[in-house]
Amino acid sequence: MEAVLFFVAALGALGGAIGVVAMRNPFYSVLALIVHLFSLAVLFLLLSSAFLAAAQVVVYAGAVMVLYVFVVAYVGGGEESAWEPIPGQRLFAPLLGLALLIELAIAVLASSLLALGTDGPDVKAGFGDPASIGYLLLEKFLVPFEASSILLLLAAVGAIVLAQRRREAAG
Amino acid sequence: MSIEWYIVLSSLLFATGAIGILLRRSPIVILLCLELMLNAGNLALVAFSRMVGNEQGQVFALVVMVVAACEVVVGMGLIVAIFRRKLPLDVDELTELRG
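The listed protein sequences derive, respectively, from chains A and B. All residue numbers for the first sequence refer to the numbering used here, where the first residue is 513 and numbers rise by one. All residue numbers for the second sequence refer to the numbering used here, where the first residue is 1075 and numbers rise by one.
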């Protein structure tokens, strides 16, 4: 059962990722990314991290993707032209990606990771639930937690400054 | 499922995102491919957290999600600003900073 669920979610994640890259219309790319994010949430559940799966669905597939859909609708997702500014881009980009994949595979195989061939240790029932994550955030990782909240505030202010309408006098 | 499957899937997703960044020219799609790569990293973090058997990797993944959200917000602000100035939404045509 777990293996079936893993392969279904893995196919969804990989198919969504390929869809993001292959779709010519940015709107369909965004929809493919939503499929990808939901499949990743299922994978997080399989890895017994329930809180992260919920955060993935609510924050990522919900809020962030709504922002993407709004911006694509605002700028009008025109299709990309088939014209290639860099000659051979369509040939070399997949080759470089393949080289990166081979490099990653070598790194994983050569590291003789403990993960190879294990399911991980048996974990207690509350592993990865909101209580334990919240405990870690507020007790052990308080400084990174506060730093990320300051980062969120800065990003919100920065986005407002970037996207505001210019006044006539300033231009 | 053995943890190595998750690591293999994570490397495949990372490579797909990298191909997308190299291949596409619309800044929106490039941001989407960046999301793919960040999520591949998140999957690896969660898989390793399960392998070790403690939750600290999940907190790390949560921070990565926050950073990704910030990146999206600033990126979308930039795209809206580019659009407002009637500049082309194509990374190969935005060459004003080229020396």
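Using N, Cα and C, we set each Cβ at its ideal position, and we do this for glycine too. All of these numbers come straight from a predicted model, not from anything done at the bench.
Nearest to residue i (by Cα), restricted to the options the options
i                : options                               : result
L663 of chain A  : B:V1146, B:L1171, B:I1095 and B:E1170 : B:V1146
L1136 of chain B : B:Y1080, B:E1078, B:G1115 and B:M1075 : B:G1115
L1112 of chain B : A:A529, A:A566 and A:V554             : A:A529
S1085 of chain B : B:L1105, B:A1121, B:V1103 and B:S1100 : B:A1121
V1140 of chain B : A:A667, A:V673, A:A675 and A:L674     : A:A667
A553 of chain A  : B:Q1132, B:L1106 and B:S1076          : B:Q1132
S551 of chain A  : A:K636, A:L523, A:A562 and A:A617     : A:L523
D641 of chain A  : B:E1129, B:Y1080 and B:I1104          : B:E1129
M1125 of chain B : A:L557, A:T630 and A:Q676             : A:T630
G600 of chain A  : B:R1098, B:E1078, B:V1082 and B:I1153 : B:R1098
F582 of chain A  : A:V542, A:L665 and A:A659             : A:V542
Proximal chain A residues relative to residue i, where beta-carbon distance stays under 8 Å
i                : result
E1129 of chain B : S561, F639, G640, S644, I645 and L648
I1104 of chain B : Simply none; closest approach about 10 Å.
L1161 of chain B : Chain A residues near L1161 of chain B: none, gap ~11 Å exceeds 8 Å.
Spatial neighbours of residue i in its chain, beta-carbon cut-off 7 Å, leaving aside the 5 residues before and after
i                : result
L1110 of chain B : L1087, T1090, G1091 and G1094
L649 of chain A  : F657
Close-in-space but distant-in-sequence residues of the same chain around residue i (CB under 6 Å, 5 per side omitted)
i               : result
L545 of chain A : V532
Where residue i meets chain A, residues with beta-carbon distance less than 7 Å
i                : result
E1109 of chain B : L545
G1094 of chain B : V532 and V533
Neighbourhood of residue i by C-beta, 8 Å cutoff - its chain only, sequence neighbours within 5 removed
i               : result
V587 of chain A : none
L555 of chain A : F518, A521, A522 and A525
A681 of chain A : Model confidence at A681 of chain A stands at a pLDDT of 48, short of 50, so the residue's coordinates are unreliable and nothing is read from them.
Residue i burial status per 10 Å Cβ neighbour count (16 or more: buried)
i                : result
P633 of chain A  : exposed
L1117 of chain B : buried
M513 of chain A  : exposed
A637 of chain A  : exposed
A567 of chain A  : buried
Cross-chain neighbours of residue i in chain B, by beta carbon under 8 Å
i               : result
G697 of chain A : In the structure displayed, chain A extends from 513 to 683; residue 697 of chain A sits before or after that span and is not available.
Per-residue contacts from residue i into chain B (C-beta, under 9 Å)
i               : result
A529 of chain A : L1086, L1087, T1090, G1091, G1094, C1107, L1110, N1113 and A1114
A585 of chain A : Ordered by position in chain B, no residue passes the 9 Å Cβ test against A585 of chain A, which lies about 11 Å from the chain.
Interface residues of chain B facing residue i [CB-CB closer than 7 Å]
i               : result
L564 of chain A : V1120, Q1132, A1135 and L1136
_Quick check on the DSSP output: what are the complete alpha helix (DSSP H) runs of length 4 or more inside the stretch 521-565 of chain A, in order along the chain?_
Counting only runs of at least 4 residues, the stretch 521-565 of chain A fully encloses the following alpha helix (DSSP H) elements, listed from N- to C-terminal order: 538-558.
*Unbroken stretches of the alpha helix (DSSP H), 4 residues or longer, contained in the stretch 1088-1136 of chain B*: Within the stretch 1088-1136 of chain B, complete alpha helix (DSSP H) segments of at least 4 residues are found at 1101-1126, given in chain order.
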